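Protein chains in written order, with my numbering: chain A, 1 to 152; chain B, 1001 to 1152.
Every residue, glycine too, gets a C-beta built ideally from N, C-alpha and C.
Here the structure is a predicted model, which is why all the values come from computation and not from measurement.
A short write-up of the structure that comes next.
There are 2 protein chains.
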Amino acid sequence: MTFDAIDQKLLQLLQNDSKQTNKELSNALNLSVTAVFERIKKLENNGVINKYVALVKKEKVDKSFVAFCHIKLSQHIQEYVVQFEKEVTNLTEVLECHHISGDYDYILKVVVKDMEAFREFMVEKLTNINHIGSTHSMFVISEVKSTTAIPI
Amino acid sequence: MTFDAIDQKLLQLLQNDSKQTNKELSNALNLSVTAVFERIKKLENNGVINKYVALVKKEKVDKSFVAFCHIKLSQHIQEYVVQFEKEVTNLTEVLECHHISGDYDYILKVVVKDMEAFREFMVEKLTNINHIGSTHSMFVISEVKSTTAIPI
DNA sequence: AACTAAAACTGAAAATTTTTCCTTTATGAC
DNA sequence: GTCATAAAGGAAAAATTTTCAGTTTTAGTT
Chain A
1 MTFDAIDQKL
11 LQLLQNDSKQ
21 TNKELSNALN
31 LSVTAVFERI
41 KKLENNGVIN
51 KYVALVKKEK
61 VDKSFVAFCH
71 IKLSQHIQEY
81 VVQFEKEVTN
91 LTEVLECHHI
101 SGDYDYILKV
111 VVKDMEAFRE
121 FMVEKLTNIN
131 HIGSTHSMFV
141 ISEVKSTTAI
151 PI
Chain B
1001 MTFDAIDQKL
1011 LQLLQNDSKQ
1021 TNKELSNALN
1031 LSVTAVFERI
1041 KKLENNGVIN
1051 KYVALVKKEK
1061 VDKSFVAFCH
1071 IKLSQHIQEY
1081 VVQFEKEVTN
1091 LTEVLECHHI
1101 SGDYDYILKV
1111 VVKDMEAFRE
1121 FMVEKLTNIN
1131 HIGSTHSMFV
1141 ISEVKSTTAI
1151 PI
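Structure (structure tokens):
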């Protein structure tokens, strides 16, 4: 699909606050409520808007510790790759897993309570997955920026 | 604040789909609509729920290229740190910036159109920021898992 | 320039949801 | 048992979403 300037603005607004009413959006965009409604539905139907979610502040739910883990597989057999990706996806502590270029195969973003919980996660969950060759972890000292808003 | 099992379930539900009506949530939780409403308001007021956002599929807005950039500052003077963090925060292509332990000072998640756009981003924006010592980029080959839902 | 079809817009009405208000229930302290 | 507090439920009110019918705009064709 194709976006005009209004769609772009609308996506920006919704990426920052999806609880705005169509009336508020219609004011911001100088459109009628119905026009806003229809544009949003179109963006949803075309899969541009994927889902709507509540973002939880991790400190408030006692998950303040964030780490990035690099992982290398022992061998790059397809079977191993598929199994690793499946198992890592099932770990709720792993918010993100990306297959990347470079020295390591994957980078994971892991969220847990504290360093001790991270140790447990590594020992009991992550390294229990088969075919992991080596890992290298980096700990987040402070979160400088974190947004879900894709530039549009 | 303190969470009971219902709050936890509620947060899980809202982290996965914030567009569910209170009636749907009340069914899932075996509660009245009002009770759900009040629990949500409490979670919002206590800052547990930070915001509600629309998640956009990056492929649909022509931002399919994701890279992680490691950055080392030339010197760790506070002034340099503050300035770097401020400037990097203003770059819309940078969705995340974390100050981390390890060989590098920061890790960034960058979203752009393609490799060519990434090159431009590096040359014209990122390395224009003062006090950057060195960088090292890793490109995402495939996104194995990506969620905003913190385990609760 | 006039015509047509499609897309986008508008305002009003209908349907649904959110929010308020008041009553009831459960829990723990005295 | 009584009181105080917190959580829950139901019903009504307020607000929002969604539908609908009709109009305007746009783009392409003749």
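Under three-state DSSP, which class holds residue i?
{"i": "SER180(A)", "result": "For residue 180(A) there is no data in the structure shown, the boundaries of chain A being 1 and 152."}
{"i": "MET1138(B)", "result": "strand"}
{"i": "VAL48(A)", "result": "coil"}
{"i": "GLU93(A)", "result": "coil"}
{"i": "ALA1035(B)", "result": "helix"}
{"i": "ILE77(A)", "result": "coil"}
{"i": "LYS19(A)", "result": "coil"}
{"i": "ILE1107(B)", "result": "strand"}
{"i": "ILE1006(B)", "result": "helix"}
{"i": "ALA1149(B)", "result": "coil"}
{"i": "LEU1058(B)", "result": "With the sequence shown as reference, residue 1058(B) is identified as Lys, and Leu is not the correct amino acid for it. Three-state result, LYS1058(B): helix."}
{"i": "MET1(A)", "result": "coil"}
Residues in the same chain with beta-carbon distance under 8 Å from residue i, minus the five sequence neighbours each way, listed in chain order, please.
{"i": "LYS1009(B)", "result": "ALA1028 and LEU1029"}
{"i": "HIS76(A)", "result": "ASP105"}
{"i": "TYR80(A)", "result": "LEU73, SER74, ASN130 and HIS131"}
{"i": "SER64(A)", "result": "LYS58, LYS113 and ASP114"}
{"i": "PHE1037(B)", "result": "ASN1022"}
{"i": "LYS1125(B)", "result": "LEU1091 and GLU1093"}
{"i": "GLU143(A)", "result": "VAL66"}
{"i": "ILE1117(B)", "result": "Here residue 1117(B) is Ala; the residue named in the question, Ile, does not match the sequence. These residues qualify, in order along the chain: PHE1065."}
Can you find the residues in the same chain that come closer than 6 Å, C-beta to C-beta, to residue i, ignoring five residues on each side of it along the sequence?
{"i": "SER1134(B)", "result": "LYS1072"}
{"i": "MET138(A)", "result": "PHE68"}
{"i": "VAL88(A)", "result": "VAL94 and CYS97"}
{"i": "PRO1151(B)", "result": "none"}
{"i": "VAL1033(B)", "result": "ASN1022, LYS1023 and SER1026"}
{"i": "PHE1121(B)", "result": "GLU1093 and VAL1112"}
{"i": "LEU108(A)", "result": "CYS69, VAL94 and CYS97"}
{"i": "LEU55(A)", "result": "none"}
Leaving out five residues on either side along the sequence, give the residues of the same chain with a beta carbon under 7 Å from the beta carbon of residue i.
{"i": "LEU1013(B)", "result": "GLN1020, LEU1025 and ALA1028"}
{"i": "ASP1062(B)", "result": "LYS1113"}
{"i": "TYR52(A)", "result": "SER18"}
{"i": "ASN1016(B)", "result": "ALA1149"}
{"i": "HIS1099(B)", "result": "ASP1105 and TYR1106"}
Show which residues of chain A have a CB atom less than 7 Å away from the CB atom of residue i.
{"i": "LYS1023(B)", "result": "Simply none; closest approach about 17 Å."}
{"i": "GLU960(B)", "result": "Nothing can be reported for residue 960(B): it is not among the residues displayed for chain B, which extend from 1001 to 1152."}
{"i": "GLY1102(B)", "result": "MET138"}
What does residue i pair with, by DSSP beta-bridge criteria?
{"i": "SER64(A)", "result": "None, per the DSSP bridge assignment."}
{"i": "HIS131(A)", "result": "For HIS131(A), which the question treats as bridged, DSSP gives no partner whatsoever."}
{"i": "VAL1112(B)", "result": "PHE1065(B)"}
{"i": "LYS72(A)", "result": "SER134(A)"}
{"i": "ILE100(A)", "result": "VAL1140(B)"}
{"i": "VAL1053(B)", "result": "VAL53(A)"}
Against residue i, what residues of chain B qualify as contacts under a CB-to-CB distance less than 7 Å, listed in chain order?
{"i": "ASP114(A)", "result": "Near ASP114(A) there are no residues of chain B at all, since even the closest Cβ is about 14 Å away, more than 7 Å."}
{"i": "VAL48(A)", "result": "VAL1056, LYS1057, LYS1060 and VAL1061"}
{"i": "GLU85(A)", "result": "VAL1144"}
{"i": "LEU14(A)", "result": "ALA1054"}
Kindly examine the ligand NAD and report whether one of its heavy atoms sits closer than 6 Å to the Cβ of residue i.
{"i": "LYS1113(B)", "result": "As for the ligand NAD, it is missing from this structure, which has no ligand bound."}
Give the residues of chain B in contact with residue i, contact being defined as C-beta atoms less than 8 Å apart.
{"i": "ASP17(A)", "result": "LYS1051, TYR1052 and VAL1053"}
{"i": "GLU93(A)", "result": "PRO1151"}
{"i": "LEU11(A)", "result": "ALA1054, VAL1056 and VAL1061"}
{"i": "THR89(A)", "result": "VAL1144 and LYS1145"}
{"i": "VAL111(A)", "result": "ILE1150 and PRO1151"}
Strictly below 9 Å CB to CB, what residues from chain B border residue i?
{"i": "HIS99(A)", "result": "VAL1140, ILE1141, SER1142, GLU1143 and VAL1144"}
What does residue i reach in chain A if we use C-beta pairs closer than 8 Å?
{"i": "ILE1107(B)", "result": "PHE68 and MET138"}
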